[in-house]
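Written below as structure tokens is the structure these notes are about.
Number of protein chains: 4
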Amino acid sequence: MDFQPDALTVTRTEQVREFLDEHVIPAEPVLAEQIAATPDDWSARPVVRELREKARERGLWNLFLPPGPHGDGLTNLQYAPVAELTGRSPRLAPVAMNCAAPDTGNMELLAHFGTPAQRAEWLDPLLDARIRSAFCMTEPAVASSDATRVETAIRRDGGDYVISGRKWFATGAMDPGCAVFIVMGKTDPGAARHRQQSMVLVPRDTPGVTVVRPMTVFGYDDRDHGGHAEVLFDEVRVPAANLIGGEGEGFAMAQARLGPGRVHHCMRLLGMAERALDLMRDRANERVAFGGLLAEKGVVRTWVAESRVEVEALRLLVLKTAWLMDTAGNKAAMTEIQAIKVAVPRAVQRVADHAIQLFGAAGLSQDTPLAEIFAAARALRLADGPDEVHLAALGKAGLRPKHPEGRQP
Amino acid sequence: MDFQPDALTVTRTEQVREFLDEHVIPAEPVLAEQIAATPDDWSARPVVRELREKARERGLWNLFLPPGPHGDGLTNLQYAPVAELTGRSPRLAPVAMNCAAPDTGNMELLAHFGTPAQRAEWLDPLLDARIRSAFCMTEPAVASSDATRVETAIRRDGGDYVISGRKWFATGAMDPGCAVFIVMGKTDPGAARHRQQSMVLVPRDTPGVTVVRPMTVFGYDDRDHGGHAEVLFDEVRVPAANLIGGEGEGFAMAQARLGPGRVHHCMRLLGMAERALDLMRDRANERVAFGGLLAEKGVVRTWVAESRVEVEALRLLVLKTAWLMDTAGNKAAMTEIQAIKVAVPRAVQRVADHAIQLFGAAGLSQDTPLAEIFAAARALRLADGPDEVHLAALGKAGLRPKHPEGRQP
Amino acid sequence: MDFQPDALTVTRTEQVREFLDEHVIPAEPVLAEQIAATPDDWSARPVVRELREKARERGLWNLFLPPGPHGDGLTNLQYAPVAELTGRSPRLAPVAMNCAAPDTGNMELLAHFGTPAQRAEWLDPLLDARIRSAFCMTEPAVASSDATRVETAIRRDGGDYVISGRKWFATGAMDPGCAVFIVMGKTDPGAARHRQQSMVLVPRDTPGVTVVRPMTVFGYDDRDHGGHAEVLFDEVRVPAANLIGGEGEGFAMAQARLGPGRVHHCMRLLGMAERALDLMRDRANERVAFGGLLAEKGVVRTWVAESRVEVEALRLLVLKTAWLMDTAGNKAAMTEIQAIKVAVPRAVQRVADHAIQLFGAAGLSQDTPLAEIFAAARALRLADGPDEVHLAALGKAGLRPKHPEGRQP
Amino acid sequence: MDFQPDALTVTRTEQVREFLDEHVIPAEPVLAEQIAATPDDWSARPVVRELREKARERGLWNLFLPPGPHGDGLTNLQYAPVAELTGRSPRLAPVAMNCAAPDTGNMELLAHFGTPAQRAEWLDPLLDARIRSAFCMTEPAVASSDATRVETAIRRDGGDYVISGRKWFATGAMDPGCAVFIVMGKTDPGAARHRQQSMVLVPRDTPGVTVVRPMTVFGYDDRDHGGHAEVLFDEVRVPAANLIGGEGEGFAMAQARLGPGRVHHCMRLLGMAERALDLMRDRANERVAFGGLLAEKGVVRTWVAESRVEVEALRLLVLKTAWLMDTAGNKAAMTEIQAIKVAVPRAVQRVADHAIQLFGAAGLSQDTPLAEIFAAARALRLADGPDEVHLAALGKAGLRPKHPEGRQP
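Chains as they are written, first to last, in UniProt numbering: chain A, 1 to 409; chain B, 1 to 409; chain C, 1 to 409; chain D, 1 to 409.
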């Protein structure tokens, strides 16, 4: 359980920090201007493309992908501080470094389970950021937290699969450059509960695909990042070769995909919390109210103190999770992944709430990233499985009679 | 301390409930469509104007204004359940009944402190909903929670006042129909701390007035309600007759204006909580996850139970506050006003948070009013004075040695 | 819903307050000395007997018993402020005024359901404080929160009942003056779930009764109040005339008994909170730390403010509950009783926690009543039904489809 | 930042666990019986002395003392899991292994700052458990959280010091075997704020020393561990050679003493939380209520899940603190020490609260260690400095402009 950053981590972290300070943070107001200038555009803005070039030059590219046949990125433990740093500028840094969800998860999925043809067609351009991708899992009609309830049908018909169903909150899918959707549905509703689901690749331009509308999250539509779309699949026909993995493997692949995704979200959230704490520090040292600097108020100090303690403790738990994934595998780290998936968004929501309160009206507005950070943390208490699902699983495990290991020091 | 609704309250409540059920709630999707159809418009949409006619026909108009020379509305205690009901459809019901902030507070201000000429010019059209108004108090450059820090200058120059300063979060000011701004500034920075401020009426079209940009609140711009504007006043000249009350009375009038406003916000928030609880109940009885209806899950039941208890207790405290305002005056109710101003938004934020969690992604989206309710409650922990200011005052009062009354049963 | 105290309430409240200030609070250190002087005694100390005489002289006696054939006390609404006042000195005031649990509940039970002979034998001496009584319901072997699980057997045998079972937390039963136990058990384990239980009167000196040991609550044994005993009933034989009500009516009578008891607990808890707040106020105005009075610290003010708001809101909910019991009956007030049963102990625990924190080590010790108040509040989150049972019931009710009344304003 | 237990840690942990399972836990009811049999005795009971022999035989003795001239114990990182294990049986394990507060802190103090003569007279018998010691710092008359306010006078008079003052919560001092008191007082009230204090050794039998009375903590008097005494020093005269360190060094030595003490408390608290979680698990798997095992209830699972997450995250923060103390010194770990001092007691209080709720009345009673664990956690939010002092310091540090290190990953 050694969390000391190794040489590569130190180098990468330093590079990313410099990239952030010199290029990404200063680009935030530029992004805001470009969005304001092209309000109806759902694709990445020019400033993103410029940052991508800079990131690529520095080798800060696809770092999320663990070393292996298709990736030369970082281990989870090495990636943790890098991903955390990208969270400090959540709308720009991850996408600039081609480390943004949902493409990261989709790339991992293709790297692990894709056929050579699938990888050539979709993984390579994704790794190169020439296209983007969406993951279509959540459905408006059912409690998708229970993945066995998914209703979208994937019916075999000769050499094809025919897909029918309605999905929503497909992040990125409003972007016209989002060329492919990975769709989770049921190929065999009669099979065992976790063997009914499969995943297929559906090119955006396939007949029967309708991108219905953008969904908002607390009023944000995230139009610079492709938004979150409702997508209708009406008798959509794709070749059988578009199946990822085998029939009935959809549930297992979703779990495999979601594990690292959840951890990456937690890492970035810690960075968002740090950004909020930095902003609090600066604001508290310049604002005066009721006879003193905000930095001198007992209540403000308590907010900062409690926030710091939560962040410090949870960062260590994230590092332990990453270390465990690297050394024992994602499955062995399941309990830890569930733990941080529940604890980190809650904590970061609290930190952001304090920061908003310190900033007053500005904290609610577009002039700080705080309300967006709050919304991101709040949304992650639902995205990739609501807290209650993870808490129930953790509680069940914790109550298992004679739980022999993992509990004692 | 008799909270039993009298005959008029029962009648009005019944009328409002019927109006809501038959006209307002069904108009919500219509409003959404009209906003989508005219995204660049910041004025009230046709559906609002239609609802206004219907409200007027039913006498559900200006009910917020207590009986007196300029109002024939309801007492605070009578208004409480009416205002709560309007909170159930927060974007439509208050505005339809001409009971929406900030116009309500501005109308009260003019009714109490306006000259006959000011009332003729501004109050009458406001009571008739022919124009709208904004209240310009908060400034980006200072902690406006401490009203003595306001920096906008109101300089006497011959028969005029000349106003210079920057305000923001002027609700409604993006609406071109918002014809007048009430601006708080300092006429005498050398006077005693609470005698430096004054208020002047500034017509929208006065030279030097620039409506700079809309501010967002958690991603919402509230464009159907005139948004929240940043407004620049650059050497804006108005006749001295535009002064409301006397020089140096701005602070006192602001306090007088904010008292009822805070209480109205709390009443409406309770209605928002009830709406959220209704939505939770309906959803929980139709969604199935992990082998059962959500309504049967222990965790969901706990959410609903804790929410109900908070709402029931705080409703009584709101009623007591209203009763105290009616019987002993707004000043005597100051402690209670501060108490509900702190407690109600916090509680409603928790209720909305549970409701969002129950709804999953839909709860975060535009398909339910839940995320907006959450944002409204969160914003009200800052608007009209942040929690910390009220808590400090309440705590100071509660710690006053030998506090002889109001504490013991 | 008129909570205004009537003339009798005003008179009684004033009398009780005077009695408290002049006699009860000054007697607290006397009680401590008398306990220290007779550590092995479990009966009421001399100071209690003296206070009883004083209370009786003033007519402050049995005020808990609503007007009726056997009581000439106060209505619930009238009793609320009186009971709250007694909570300010929880170890002395209730017992001095013969208004202490569990005797109050037992007296109500006998008044409502006892035969004339039972009332003559047990109710009269209880009303006169010549004896005390215990209520034996909770069992160590089963989750007694689910009353249908009670295992004690009450077997009919000719003209007798024979009782076998083990009870604990029988408050008062360590007191040798506790002359009678009301025992809940099953007369017919084959009946419908809520018709299996019955209650019998068991005189303390009946063969087979063993008072096994005192139980502690957070280290407190409450030996001045008869403690909380484990009691073994080993083939205990009593005449069939000792049955209270009819066979199978035990569950219903327990519910009837517990309703008012829960409300009285809440009333007294509010008084404990007020005592804690008074102590906080006094302490904060005399202690200096880190350069200022505690009363001037922002964190302390926040504690006091949040505490006051909670107490004010919950007092109103308690009053509403009492009013509802008086006007619509205990059954109609069930939801409100459950609500305050959950909310009040939690709130008072928080208040006491703040008070302890303000006092430092003294707050944990016998030199203030704060740790005892904390323990009392904490214990009441379990006594008379754990929070979870009430929350589940409240949540279930709140989620009932189309809940037509009680929700809307 | 390598937290992997080394070979010695693994060995010691295994030995301690075995010692606990085979000897300490089974001795808990024996201790209860021995206390009941000798209620007026304040010294260690026979079972403690027997366990000490067993611990000594196994080399599980004085493990708290880091390697150095006077200790051959464990580093902080090695000690962490050992101390945590002792927390599982908090009344027996620490004292059995001569690792109980306050003797540990006093031994460290003497090891670091004592003269050879002081060490020979007091440290050696303490290391051998032949005597016990108390630390007299807190005073009833002042807010001792602010150490500069201590009022006890230590006056130089020729070759002696003369001590006058009143202390309380001197843990262990009721034990007649507690042979020496380390007393903090002011030698120079005119010096700089942190140079006024000094410490002297005062043998128990010195004329003028009066052990006044035992203090309780939530009703517990801890009489098997020497209780918590109020001690009066009335013109107590000791030779000048009894001064520890130099005059004016008392404040600095207190800080040095308290650092490791706070960390040890946190380690043991984690063990208490684990004990509570074990008890919850066992209970939940055997108790049935409302139609199912408690282990199957959603609310119970949530309690366990949230508890586990908190414990796991905070254990890592404790390990980091220990590692930092070992590698960078106690002073460099100050922020982390403050962080865990605040966070761990709060978390363990929450865990114990859940456990009590699960157990019902038994959880409040002497039949489980839960209420004692709760009280211990609650008390540690005050002992060794209240939360507010640490939060203020942490907040101040976190708000320091341009905090260059320790924040970023």
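For every residue, glycine included, the Cβ atom is placed at its ideal position computed from N, Cα and C.
- Taking the beta carbon of residue 145(A) as reference, the chain B residues within 9 Å of it are 289, 290, 360, listed in sequence order.
- Interface with chain A (9 Å Cβ-Cβ cutoff): residue 206(C) is excluded.
- Residue contact with chain D for residue 388(C): present (Cβ-Cβ distance below 9 Å to some residue of chain D).
- Note on the segment 315-359 of chain A: there is no whole beta strand (DSSP E) run with a minimum of 3 residues.
- Using a Cβ-Cβ cut-off of 9 Å, residue 22(B) does not count as an interface residue toward chain C, since no Cβ of chain C sits closer than that to its own.
- Spatial neighbours of residue 82(A) in its own chain (CB-CB distance under 7 Å, excluding positions within 5 residues in sequence) are listed in chain order as 12, 13, 16, 63, 74.
- For residue 1(D), the closest Cβ of chain A is nearer than 9 Å.
- Shown here, residue 166(C) sits in a strand according to DSSP, grouped into three states.
- When the five nearest sequence neighbours on each side are left out, the beta carbons in the same chain lying within less than 8 Å of the beta carbon of residue 141(A) are those of 151, 166, in order along the chain.
- According to the DSSP assignment, residue 137(D) belongs to no alpha helix (DSSP H), since it is labelled neither H nor E.
- For the 9 Å CB-CB criterion, residue 201(B) and residue 242(B) form a contact.
- For residue 33(D), the enclosing alpha helix (DSSP H) stretches over residues 25-37.
- Secondary structure of residue 184(C) (DSSP, three-state): strand.
- Rounded to whole angstroms, the gap between the alpha carbons of residue 233(C) and residue 164(C) is 5 Å.
- Assignment of beta strand (DSSP E) within the segment 77-150 of chain A, counting only whole runs of 3 or more residues, yields 132-136 in chain order.
- If you compare the alpha carbons of 367(D), 380(D), 364(D), 300(D) with that of residue 394(A), the shortest gap goes to 300(D).
- Put simply, the backbone Cα of residue 71(A) is about 5 Å away from that of residue 65(A).
- Taking the Cα positions, residue 368(B) is about 12 Å away from residue 282(B).
- Residue 77(C) and residue 343(A) have their C-alpha atoms some 45 Å from each other.
- The segment 248-260 of chain A and the segment 225-232 of chain A do not touch, with fewer than three beta-carbon pairs separated by less than 8 Å.
- When beta bridges are read from the DSSP output, residue 267(B) appears opposite no residue.
- In the structure shown, the three-state DSSP call for residue 203(A) is strand.
- Taking the beta carbon of residue 11(A) as reference, no residue of chain C falls within 9 Å; the closest one sits roughly 43 Å away.
- Residue environment: residue 9(D) is assigned as buried (16 or more neighbouring CB atoms within 10 Å of its CB, all protein chains considered).
- When DSSP reads this structure, residue 232(C) sits in a beta bridge with 166(C), 210(C).
- For residue 268(B), no Cβ of chain C is located within less than 9 Å of the residue's own Cβ.
- Listed along chain B is no residue with a C-beta nearer than 7 Å to that of residue 140(C); the closest approach is about 25 Å.
- By the rule that beta-carbons nearer than 9 Å mark a contact, residue 302(B) touches chain D.
- Beta-bridge partners of residue 292(B) (DSSP): 289(B).
- Residue-level contact by beta carbon fails for residue 263(A) and chain C, as no gap is shorter than 9 Å.
- CA-CA distance, residue 49(D) to residue 349(D), rounds to 30 Å.
- Neighbours of residue 87(C) across chain A, judged by C-beta separation under 7 Å, do not exist; the nearest C-beta is about 30 Å away.
- Leaving aside the five residues that flank residue 105(A) on each side, the residues in its chain whose CB is nearer than 8 Å to its CB run, in chain order, 135, 257, 258, 260, 261.
- Classified as buried, residue 114(A) has 16 or more neighbouring CB atoms from the shown chains inside 10 Å of its CB.
- Within the same chain, and ignoring the five residues on either side of residue 137(C) in sequence, the residues whose Cβ sits closer than 6 Å to its Cβ are 184.
- Residue 331(D) is classed as exposed because its beta carbon has fewer than 16 other beta carbons within 10 Å across all chains shown.
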